[in-house]
Each structure stands twice: as structure tokens, then as C-alpha cells.
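Numbering (my numbering), first residue to last: 386 to 569.
Read the structure below first, then the notes.
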């Protein structure tokens, strides 16, 4: 009955990044760990030791493989087997108890991807989310869905590793970024 009072309801199945605001997503968001690979590993070890994140979430293949190679446990990893739009093959599956697959085209956040992230975080078992499409923007729902005192990690090409401590400030910033999307 309520629907007769609503002129044109919107059912949101996906969020599409308004490309005029694409630069907003290229700005550092968190703490950038940069330098040579040894420096990045030392910086990563330091922030994990100091911050003691409740959950460690990686977004991207290079950062996920970096964690695996160095024996750093991951709670949720999101990958698409591409680095800078080029095929990046490795087998991360043995390091995870649960494996999910989602479709998430470039420049979008599909509702199904968001729900899968939320579910993977909630089950508290090492989970791998394999994306058919692109995972870049999925760091946003990771920050919004992760419990406080978690950490989201993703790569910044040719610069280093971004560490986002999940706190109220990070959640608020991520929430504000949603306005740069078009709901569909």
C-alpha cells in the first residue's frame, strides 16, 4: 500500500562511479607504506604489530599475493587475477577456507558483491572473493562493513601499499564517497 505514495521508487542493484569524480578515488586514503619491497614489508609488519587489527582484509592481487608470500594471515581477500589490467596468475585458494565468486564490472559496486563482502567478513573464516570484472572499488564496502579496529589493505600502483585502519573516521570518509556514485 505504501507504494501508491511513492512516485518513482528506485531499487538499487548497483552503484556506478560517476567518472567525473574518478580522481577522488585516486587520492591516498589511510596510511601509505612506500619504498622498496623490503621497506614495504617492514612497514606492513610494523603497522600490523602496532595496530593489531581484528581482521585483515586485502583488496587486489598484488597485495594479496604479497601477504601470502610473507606468511601474513588474511581474513578476507578480494582478487580478480589482474594487476593494472594485465593477467596475474597465482593460486591463492589453498590459503582460504571459503571461496566466493562475484560479478563486478569496472567502475561499479554490485549489490551482490557488497553482500558477499559483508557475509565473508561476518563468518570469521579465511575467505577469498574472486571477482569476474574488477575489484578496485570494493575497498569501499570493505571499510564500511568491517568491524572497528580491522584493517583494509590495497595497492597503489607504482607507489606502495595503502593501510586503512577501520575506525569511525575511515567509515565516515568511505560513507561520504558513496555520493560520487549513481544508483541503478
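Here a beta-carbon is modelled for each residue, glycine too, at the ideal position from N, C-alpha and C.
Worksheet item: Does DSSP put residue 559 in a helix, in a strand, or in coil?
Response: Secondary structure of residue 559 (DSSP, three-state): helix.
Worksheet entry | Option in 528, 546, 543 and 567 with minimal Cα separation from residue 372 | Given a span of 386 to 569 for the chain in the structure shown, any question on residue 372 remains unanswerable.
Worksheet entry | For residue 549 and residue 416, the rounded distance between their alpha carbons | For residue 416 and residue 549, the distance between alpha carbons rounds to 6 Å.
Worksheet item: Helix, strand or coil: how does DSSP classify residue 489 here?
Response: DSSP, reduced to helix, strand and coil, places residue 489 within a strand of the structure shown.
Item to complete: Take residue 480 as the anchor and find which of 553, 434 and 460 has the nearest alpha-carbon.
Response: It is 460 whose Cα lies nearest to the Cα of residue 480.
Fill in: Start and end residues, beta strand (DSSP E) containing residue 401
Counting along the chain, the beta strand (DSSP E) containing residue 401 begins and ends at 399-402.
Worksheet entry | Where residue 467 sits in the DSSP three-state scheme | Residue 467: strand per DSSP, three-state reduction.
Discussion item. Cutting at 6 Å between CB atoms, please list the residues of its own chain near residue 503, excluding the five before and the five after it.
Written reply: Once the five neighbours on either side are set aside, the close Cβ partners of residue 503 are 530.
Worksheet item: In the structure shown, what three-state DSSP assignment does residue 457 receive?
Response: Correct three-state label for residue 457: coil.
Discussion item. Checking 8 Å against the spacing of the C-beta atoms, do residue 372 and residue 501 come in under that value?
Written reply: There is simply no residue 372 to check, as the chain begins at 386 and stops at 569 in what is shown.
Discussion item. DSSP three-state label for residue 569, please.
Written reply: DSSP places residue 569 in coil when its eight states are reduced to three.
Practice prompt. Note the first and the last residue of the continuous beta strand (DSSP E) segment covering residue 548.
Written response: Per DSSP, residue 548 is one residue of the beta strand (DSSP E) stretching across 545-550.
Practice prompt. Tell me residue 516's beta-bridge partners as DSSP assigns them.
Written response: In the DSSP output, where bridge partners are listed per residue, residue 516 has 487.
Practice prompt. Note the first and the last residue of the continuous alpha helix (DSSP H) segment covering residue 435.
Written response: Its alpha helix (DSSP H) spans residues 422-436.
Discussion item. Short of 6 Å in beta carbon distance, which residues of its chain neighbour residue 397, apart from the five on each side in sequence? Order them along the chain.
Written reply: The beta carbon of residue 397 sits closer than 6 Å to the beta carbons of 568 from its chain, once the five residues preceding and following it are set aside; these are given in chain order.
Worksheet entry | With 16 other Cβ atoms within 10 Å as the buried cut-off, status of residue 475 | Counting Cβ neighbours within 10 Å, residue 475 comes out exposed, since fewer than 16 surround it.
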